[in-house]
Structures are given as C-alpha cells and as structure tokens.
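This report refers to the structure that appears directly beneath it.
Number of protein chains: 4
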Amino acid sequence: MVMRRAGIIQLLDGRHPRNGRSVTFALNGLILLSAIAIAVETMPDLPDRAQDFLGWFEITVLLVFALEYLTRVICSPRPLRYIFSFWGLIDLLAILPLLALLQPQWTAVRILRLLRLIRLLKLFHTSLALDRMSRAFRAVRGELTVFGALAAMMLYVSAVGIYVFEHPVQPEAFTSIPMSLWWAVASLTTVGYGDLVPITLGGRLFTTLMLFIGLGIVAGPAAIITTALLEADKFGVESPPGSNTKNMSNKEIKK
Amino acid sequence: MVMRRAGIIQLLDGRHPRNGRSVTFALNGLILLSAIAIAVETMPDLPDRAQDFLGWFEITVLLVFALEYLTRVICSPRPLRYIFSFWGLIDLLAILPLLALLQPQWTAVRILRLLRLIRLLKLFHTSLALDRMSRAFRAVRGELTVFGALAAMMLYVSAVGIYVFEHPVQPEAFTSIPMSLWWAVASLTTVGYGDLVPITLGGRLFTTLMLFIGLGIVAGPAAIITTALLEADKFGVESPPGSNTKNMSNKEIKK
Amino acid sequence: MVMRRAGIIQLLDGRHPRNGRSVTFALNGLILLSAIAIAVETMPDLPDRAQDFLGWFEITVLLVFALEYLTRVICSPRPLRYIFSFWGLIDLLAILPLLALLQPQWTAVRILRLLRLIRLLKLFHTSLALDRMSRAFRAVRGELTVFGALAAMMLYVSAVGIYVFEHPVQPEAFTSIPMSLWWAVASLTTVGYGDLVPITLGGRLFTTLMLFIGLGIVAGPAAIITTALLEADKFGVESPPGSNTKNMSNKEIKK
Amino acid sequence: MVMRRAGIIQLLDGRHPRNGRSVTFALNGLILLSAIAIAVETMPDLPDRAQDFLGWFEITVLLVFALEYLTRVICSPRPLRYIFSFWGLIDLLAILPLLALLQPQWTAVRILRLLRLIRLLKLFHTSLALDRMSRAFRAVRGELTVFGALAAMMLYVSAVGIYVFEHPVQPEAFTSIPMSLWWAVASLTTVGYGDLVPITLGGRLFTTLMLFIGLGIVAGPAAIITTALLEADKFGVESPPGSNTKNMSNKEIKK
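Residue numbers (our numbering), protein chains in the order written: chain A, 1 to 255; chain B, 1 to 255; chain C, 1 to 255; chain D, 1 to 255.
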C-alpha cells in the first residue's frame with residue numbers, strides 16, 4: 001500500500017520508472033492551456049459560445065488540480081508536512097478559486113481570479129528552470145546590487161535634471177519629478193515611448209549627455225542577467241541529468 | 001553525352017571547372033533583381049510604363065527559371081530523385097506563378113503571387129550561408145529553448161500585470177491580455193512604438209521593474225543568436241573551402 | 001578627550017569598532033528619504049498636510065546635517081583642513097539651504113533649493129562605489145575618448161545628412177542642423193521618440209545606412225562603460241575588504 | 001631653402017621637432033569651429049549680427065585653408081604629386097566654396113555650400129583615427145558581408161510579411177513593400193519611431209516572431225563594428241607611438 005502511494009507521488013512528480021514524465025507533461029500542458037484561456041477570456045468581442053467554453057474549461061482545470069491536491073495529501077507519507085510546505089501552499093492557493101463555484105457571488109472578487117495565475121508557478125515544480133534562474137541570480141547578487149544602486153542614482157539625477165529644464169516649458173508633460181522619473185526609465189532603457197519628449201535646448205543637451213553615460217550604467221543589470229543565465233544554462237547542460245546540483249556548484253567553487 | 005549533362009549541372013551549381021561561378025552569379029543576380037521588382041511593384045503611384053516593364057520582367061524571370069528547371073530535370077542523372085528532392089520542389093514552386101500566364105484570371109490568387117518569393121530560398125542553394133545559419137541554430141538549440149521559455153513567461157507575466165493596472169483606466173488601449181502582450185513585446189524588446197503607454201502610477205512602477213529584470217531575459221535569444229552566428233562564421237572562415245563541415249564539427253567536439 | 005573626539009569621527013565615518021556602521025546607515029537612510037521627499041514635493045496635487053509634513057521633514061534633515069557638520073568641525077584634529085577639504089565643502093554646501101530659514105524670501109532662490117541635491121554626493125563619502133566608478137572611468141579614458149570622437153562625428157554627419165534630405169520637405173520639423181542633431185541622438189541610441197521622423201525616400205535610405213554603421217559606433221561608449229564597471233566591480237569583490245586599492249591595481253599591472 | 005620648405009611641411013603635418021603639434025591643433029580647432037558654425041548657420045531665428053559674424057568667420061576659414069593649400073603646393077618637393085594626391089584633392093575641394101566670393105550668385109549653388117563639410121575629412125589627415133577605423137573594418141570585412149546579407153534578407157522578409165498582413169487594413173500607412181521596409185528597419189533596430197505600427201493580430205504575431213529572431217541578426221553588424229573598433233583601439237594603444245602599423249598587424253597574424 002505504501003509502495004502504491006509512493007508510486008502515485010512519483011507519477012505526479014514525473015519520476016515514475018515506467019510511465020515516466022507523461023503525467024507531468026499532461027498537467028503542465030493543462031497549465032499552459034489555462035494560461036492561454038485566461039488571456040483569451042479578457043478579449044472584449046468574444047462570442048458567447050467561446051465565453052461558455054472557457055468557463056467550463058476553467059472549472060475542469062480547477063477540478064483536475066483539486067484532485068491532484070487531494071491525491072498528494074492522501075498519498076503523501078507525511079500529509080501535514082506536504083500541506084505546509086512551499087509547493088503544498090502553492091497547490092492549495094491555485095485551487096482556491098474553486099470557492100467561487102460554491103459561492104458564485106465571489107467571482108467578482110478580483111484577487112480570487114488572479115489566484116489562477118499561481119498555477120504558472122507549478123510549472124517550475126518539476127523543472128530545473130527555477131533552480132537555474134535562482135542559481136543565476138544568487139551568483140550575481142553582488143554585481144546586481146552595485147549596478148542597481150548606480151542605475152537608480154542615474155535615473156534619479158536624470159529625472160531631476162530634465163525636470164529643471166523642461167518643467168517651466170512643458171508643465172503639463174513634466175509635471176513633477178516622479179513623472180520625470182518615468183521619462184528617465186523609458187529613455188535610458190532606450191524604449192522611448194515618445195509620450196514625454198524634451199523640447200528645450202538645455203533639456204536636449206542634458207538628455208544627450210545622460211544617454212551617452214547612462215546607457216552603459218542602466219544596461220548593466222540586463223547585461224549581468226543575460227550573462228548569468230547563459231552561464232547557469234551552460235553549467236546545467238554540462239552536468240549529467242540527475243546529478244546533484246549543489247554538489248556541482250561546490251566543485252565549481254573548489255576549482 | 002553523360003559528361004556534357006554533368007557539365008551543365010556543374011554549370012548551374014557553380015562548380016564548373018572553367019566557367020566557374022558566372023552562371024550562378026547571373027541567376028542569383030536575377031533573383032535579387034526580381035526581389036526588388038516585387039517590392040517596387042507594390043508602390044501605388046507607379047507610372048504605367050514602369051508597371052508594364054515590371055510585368056514583362058517578371059515573365060522573363062519566370063521563363064528563365066522554368067528553363068533552368070527543365071534543364072535540371074533533363075540533365076540530372078536521376079530526374080525523379082531531383083524532382084522530389086527539397087531543392088527540386090523549391091525550384092518547382094518558384095515557377096508555379098507561370099500558371100497565371102496560362103489562366104490570366106488566376107493572377108488574382110494571392111498565394112500564387114507570393115510563391116514568387118520562394119525564389120529567395122534558391123539563393124541559399126549554392127551558398128554556404130544557410131548551412132552556416134542552420135549549424136548556428138543547431139548549436140544553441142538547448143539555450144534558445146530555455147531562454148525562449150523564460151522570455152515567453154516574462155512576456156506573459158508583464159502582459160497580465162499591465163492589464164491589471166491599466167485596463168480600468170485605459171479600457172480602449174489595453175483592451176485585453178493578448179493586446180497587453182503586444183505592449184509587452186514592444187516594450188521588453190525596447191522597440192517602444194508608443195501606441196500603448198501605461199499612465200497609472202502602478203503600471204509605470206510595474207513597467208520599470210519588468211524592464212530592469214525583463215530586458216536581460218528577453219535580450220537573451222537575440223544575444224544567443226548573434227553569438228552563435230559569429231561563432232559559426234568564424235568556424236566557416238577557419239576551415240579550408242570545400243572541407244567537410246560535419247567532420248570539422250566532430251573535431252570541435254573532440255577538443 | 002582626544003580619544004573621545006576621534007571616536008566621534010570614527011562613528012560618523014562608519015569605522016567605529018563597536019557601534020560599527022549604524023550611524024552611517026542612519027545618515028545615508030536620511031539622505032535617501034530626503035531624495036524621495038524632494039521628488040514627491042514637486043507633485044502638483046499634493047494635499048496641504050503632506051506639503052507641511054515635507055517642509056518640516058526638510059528642516060529636520062537640514063538641522064541633522066548642520067549638527068553633523070558642526071560635530072565634524074569641532075571633533076576634527078585639524079578643523080581648518082577639514083573645512084577646506086573636498087568633503088568638508090560638500091558638507092557645507094549641503095546645509096546652505098538653512099539660510100532660507102533665516103531669510104524666508106530666499107526660498108525663492110532656485111539654486112538654494114537645488115543645493116539640497118548635493119546631499120546625494122554624501123552617500124559616496126563612506127562607500128566604495130565612487131572609488132570603483134572613477135577607477136572604471138580612468139581605466140577606459142583612452143577608449144572613451146576615441147569612441148566619443150567617432151560617435152560625435154557620426155552624429156554630426158547624420159544630422160547634416162538628414163537636414164539636407166528632410167529640411168526642404170519638413171521645414172517645421174527639421175528646422176536646422178542642431179535640431180537634426182537631436183534626431184540623430186534619439187535615433188542612433190535607438191531611443192526613437194518619434195517626434196522627428198524622416199519621410200523622404202532619400203532620408204529613409206540615409207537613416208538605414210547610418211543605423212547600420214552608426215549603431216556600432218554610438219553603442220561603443222555604453223559598451224565600454226558597462227564592461228569597465230563590471231571589471232572594476234570584479235576587482236573590488238576579489239580584493240579583501242580594507243585592502244589598499246592602489247596597491248591592488250599595481251599588482252594587476254605586474255601580472 | 002629646401003630645408004626651410006621641408007620645415008614648413010613638417011609644421012603643417014604636426015611633425016615639426018620644436019613647434020610640435022601646435023599648428024595642427026590650431027587648424028583642427030578651426031575645422032571643428034567651422035563645423036559648429038555650419039550647424040548654427042541653419043538655425044532659423046538667428047539675429048542678423050550673428051548671421052554676419054558667421055559669414056565673416058566662414059570667409060576667414062576659407063582664406064586660412066586657401067593659404068594652407070598654397071603653402072603646401074609651394075613648399076612641397078613635388079607640387080604636382082601633392083596636387084593630385086588624395087589629400088591634395090581633399091584640400092582643394094575644401095577651398096572651392098571660395099568661388100562663391102568671386103561670383104556671389106554662386107552662393108545659391110547647394111553643392112558648393114556642402115563642399116565646406118569636406119573639411120571634416122582633413123581632421124583625419126594627421127590623426128590615427130581613420131587608420132584605426134579602416135583597419136577595423138578591413139579585419140571584419142568577411143563577417144560584415146555575411147551579416148549584412150542575412151540582415152538584408154531578414155529586413156526584406158519582414159517587410160513583405162508585414163505588407164501582406166497590414167496593407168489591407170492600413171493601406172495609407174503600409175502603402176507598399178518599400179514603405180514596409182522602412183518599418184522593418186525602424187523596428188528590427190529597436191528604434192521604433194511609432195510612425196508605422198501593425199494593428200492586425202497576424203501582423204503583431206509576425207512582428208513578435210521577427211523581433212525574436214531578427215534582433216539577433218540585425219544587431220550583428222553593430223556588434224561586429226563595436227568589437228572590431230575596440231580591438232583596433234587596443235592594438236593601437238599597445239603599439240608604441242610611431243611604430244609601423246602594417247608591421248604590427250603582421251606580427252598579429254604570426255601569433
């Protein structure tokens with residue numbers, strides 16, 4: 001009996017010797033489909049039939065994950081420990097919108113609808129991606145802090161500068177320093193929406209100066225994250241599948 | 001006779017000992033000219049004479065490639081094998097618009113007109129560029145998958161977040177989550193068209209956060225492709241012309 | 001008595017053996033809070049109570065830093081040397097807005113209000129960030145000069161070119177070469193606000209050409225700064241805390 | 001007498017043993033000032049006095065460079081060889097606008113006014129920058145060709161695709177494929193002016209796909225140029241001043 005229970009947990013975690021990852025793949029596929037459904041649901045001109053279908057699909061998904069949660073609680077060797085673990089709480093939160101089925105007027109509660117998005121986190125349960133990402137962020141935490149501080153200061157100085165130059169001429173555009181901060185973010189990341197544009201000579205010279213110095217500093221965090229993720233990915237590929245990740249990173253340090 | 005046929009195939013493939021690449025260069029030049037002609041044809045204020053000239057040019061190009069196709073079929077040692085090969089099918093598809101000459105009313109069929117663009121693929125027949133590119137993509141397939149998945153999740157989360165913040169205030173701009181996804185693509189690639197811009201404080205703070213984390217993740221695929229293409233190019237330059245590419249990549253792995 | 005004075009200076013500089021960095025942390029936190037206050041103050045629809053609170057907060061901050069200044073002057077072993085040192089002058093300038101308390105009509109003097117921003121510089125007094133940044137800039141001074149000159153020339157040529165193409169068609173947009181220079185900055189940094197856009201065929205072809213050549217040259221300074229800051233950061237992390245920075249960079253050169 | 005002439009040439013070329021680079025610096029400064037003057041001249045609301053001043057400044061600059069040209073012709077050991085050399089022709093073209101002084105009605109001839117910009121090229125005569133840049137471009141010629149071809153094809157395919165999707169809905173925006181090509185350039189370089197924006201679902205999905213693949217390919221040329229210029233700069237700094245550049249690059253190859 002214990003064996004059979006352990007087998008079911010293995011099945012849900014994608015570590016079952018025979019049926020392998022098929023169940024996990026099906027559940028992850030369901031999560032992705034429901035993510036698409038949540039997006040499509042918000043489209044305004046949706047025909048009634050599609051709306052109905054999405055509603056029924058949502059209930060099906062909720063019931064499937066409720067079933068998964070109950071199975072995990074029943075089959076877990078220590079149910080309480082699972083219930084209060086990180087992934088146990090995520091699994092519980094992801095099925096909370098079921099309450100709206102019992103009390104239909106709760107559907108209006110926005111937070112309940114947003115809880116459905118927590119399902120996305122479940123994608124990371126059986127994949128290495130989250131581990132990889134957190135490893136990457138941990139490896140560059142120091143650099144990110146320094147660059148983040150420099151970038152924040154650069155943005156603040158840019159916002160104050162452009163406010164001084166542009167506020168007297170465009171008081172309805174550059175209304176305040178927090179508003180100018182939004183301009184600084186859009187400009188120094190080179191997004192450049194064009195909703196706020198300096199028009200004075202001083203403001204333009206200042207922008208030119210800030211762009212030439214600031215792009216390098218504001219581009220820092222992005223460059224660090226790209227590099228770190230590429231590094232973490234390389235390590236992940238090099239290690240044989242199933243190897244202990246912590247062990248590997250220790251070896252990395254010994255080198 | 002067989003020799004002469006083989007010589008013609010060599011001529012068309014740019015491997016002829018004496019006349020070298022001249023025929024291939026002429027055919028590729030014709031493809032490029034027809035690509036320009038297809039673009040110019042769509043310009044609205046074109047004088048009638050230019051329109052006529054482009055029509056005749058198009059027919060000439062079609063006839064030249066029909067001639068090439070027939071020559072290849074006749075001169076190939078195994079005609080059927082050529083006809084059903086990848087490049088044989090491409091060559092056939094590229095001359096299908098000739099049907100519009102026989103049945104003028106088919107000119108209206110759009111798909112027939114677009115088939116002319118398949119000629120561009122013929123450019124890759126005798127060049128190493130396609131080989132290089134496919135090699136580059138194969139080498140980074142794993143990294144592209146991981147980054148593609150992270151970028152897709154980042155875009156989805158950004159779209160949902162901005163929808164939650166901006167939809168109540170700008171319901172006609174951020175109409176739905178798929179619409180917000182378009183905003184997320186334009187913002188996180190730093191294109192920033194400016195057709196959709198957050199105006200709430202929450203939306204702007206969320207955008208700032210997403211830009212600082214997301215640029216690094218969304219820039220990942222582009223950085224990987226640039227690097228891979230540069231690497232593939234380097235290998236291509238280092239290897240002597242005519243060397244076996246697969247052999248070389250094996251050597252790379254042995255290192 | 002001398003010991004006690006030295007102890008107070010150590011406390012303010014964050015080098016006190018027991019109370020450690022607590023005082024510095026409190027003072028830096030106060031600077032960051034006042035930076036936020038300066039930004040919030042400019043928001044137009046602020047309720048009177050918030051305005052009053054920010055006014056009192058500003059006076060408190062000024063008094064705290066005036067107290068710090070007086071303490072440093074009194075406790076310094078050589079008061080005059082401190083007063084005329086770089087950080088002594090910064091500390092003095094940062095409390096100059098106190099004059100507005102004595103003569104309320106001086107509040108209108110803009111320069112006096114902007115002096116409050118000098119406080120931000122005080123953040124660097126006890127941190128290594130400024131040292132790191134100046135080291136990074138010094139290391140790439142030569143490269144920055146070459147790239148800066150090339151980028152300036154690229155921008156000038158782009159501005160003249162686009163003026164020649166667009167001025168006759170859009171005289172109200174591309175009014176002059178200095179105006180076109182603003183377009184060149186916004187385009188070649190890929191910010192692309194969209195306030196000035198070429199519409200002639202020549203102008204667009206010229207822009208395409210400039211973008212393909214110019215992006216590489218204009219992106220140079222930013223790439224150099226990112227790399228230099230990452231390098232400087234790496235060196236900073238590797239060196240044990242408290243080690244002599246100049247010594248370390250010598251070792252770097254010996255390698 | 002020959003010695004004195006050679007001395008004058010040395011003076012103009014900045015290789016004079018005693019007076020060193022002072023004359024070259026003065027002449028280059030004059031070129032930069034005249035570049036600024038050309039830009040300022042185009043500003044519409046310039047007062048008459050400034051206009052007059054710029055006119056007189058322009059004449060002075062022209063006379064100075066006419067004097068330099070005459071001196072070089074007279075003092076050159078082989079005047080004809082100088083006159084027909086590359087730099088001799090540049091020097092001559094740069095003073096051609098003097099003709100407008102003799103025949104005032106020629107001032108209207110635009111090409112004559114633009115010739116003044118050729119002076120900028122004279123900046124490179126005595127500097128190493130042009131040498132560095134041309135060395136950098138030569139080193140990456142092969143890679144630039146491959147990437148340029150891929151980028152051109154990517155832009156063409158993007159333009160055709162967006163035309164197919166957007167022309168039926170926005171015929172006044174995406175009028176033709178050449179117009180769509182302008183959209184492709186502005187989007188794939190991430191400039192994103194916002195003058196042309198896809199609004200159909202198909203067009204937006206296509207843009208997303210193209211951005212994820214295309215950014216890596218279109219960013220290629222810029223990345224190659226940045227890297228090559230940084231490399232060329234490094235070599236330039238490492239070599240002792242006055243060393244033979246060609247020699248050095250040979251050593252590079254031998255390594």
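For each residue, glycine too, the CB sits at the ideal point set by N, CA and C.
Sequence-distant residues of its chain with Cβ nearer than 8 Å to residue i (five each side left out)
i       : result
F147(A) : I217, G220, P221 and I224
L120(D) : I31 and A35
L115(A) : L93, A94, L96 and P97
I9(C)   : R72, C75 and S76
Chain-order list of residues whose beta-carbon lies under 7 Å from that of residue i (same chain, five-residue window excluded)
i       : result
G203(C) : I162, F165 and E166
L62(B)  : I95, P97 and L98
L54(C)  : A37, V40 and E41
S243(A) : Low per-residue confidence applies at S243(A): pLDDT is 38, beneath 50, and the placement is therefore not dependable enough to give any value.
R21(C)  : G14
N250(B) : A caution first: N250(B) carries a pLDDT of 37, below 50, which makes its placement in the model unreliable, though a value can still be read off. Closer than 7 Å at the Cβ level, and outside the excluded window around N250(B), lies no residue.
R113(D) : P97
Whole-angstrom C-beta distance between residue j and residue i, which should lie under 8 Å
i       : j       : result
N28(D)  : L123(D) : 6 Å
T175(A) : P47(C)  : The pair is not a contact, with the Cβ atoms about 16 Å apart (cut-off 8 Å).
G194(B) : G194(A) : 4 Å
Closest by C-alpha distance to residue i, when choosing among the options
i       : options                              : result
M179(C) : V160(C), L188(C), R78(C) and P77(C)  : V160(C)
T263(D) : L11(D), R5(D) and L150(D)            : Here chain D comprises residues numbered 1 to 255, so residue 263(D) is not present and cannot be evaluated.
V64(C)  : R4(C), A26(C) and E172(C)            : A26(C)
L196(D) : V169(D), P17(D) and Q51(D)           : V169(D)
W87(B)  : Q51(B), D13(B), R4(B) and A151(B)    : D13(B)
T207(D) : T145(D), S158(D), L144(D) and L33(D) : S158(D)
A6(A)   : S22(A), D52(A), R78(A) and A66(A)    : R78(A)
H125(B) : W56(B), I213(B), S85(B) and R81(B)   : S85(B)
L205(B) : L209(A), I213(A), L33(A) and L181(A) : L181(A)
F137(D) : S22(C), I213(C) and R4(C)            : I213(C)
L144(B) : A100(A), L102(A) and T226(A)         : T226(A)
T60(B)  : A149(B), R15(B), L201(B) and L101(B) : L101(B)
Proximity below 8 Å, CB of residue i to CB of residue j
i       : j       : result
L155(A) : A184(A) : yes
A285(D) : E68(D)  : Because chain D spans 1 through 255 in this model, residue 285(D) falls outside it and cannot be assessed.
I259(D) : I74(D)  : Outside the displayed range of chain D (1 to 255) lies residue 259(D), so it cannot be described from this structure.
L215(A) : T71(C)  : no
T42(A)  : I199(B) : no
G331(A) : A186(C) : Because chain A is modelled from 1 through 255, residue 331(A) falls outside the range shown and cannot be assessed.
Residues near residue i by beta carbon distance below 6 Å, same chain, minus five either side
i       : result
A173(C) : L196
S76(D)  : Y82
P241(C) : Low local confidence applies: a pLDDT of 40 at P241(C) is under 50, so the model's placement there is unreliable, and no value is given.
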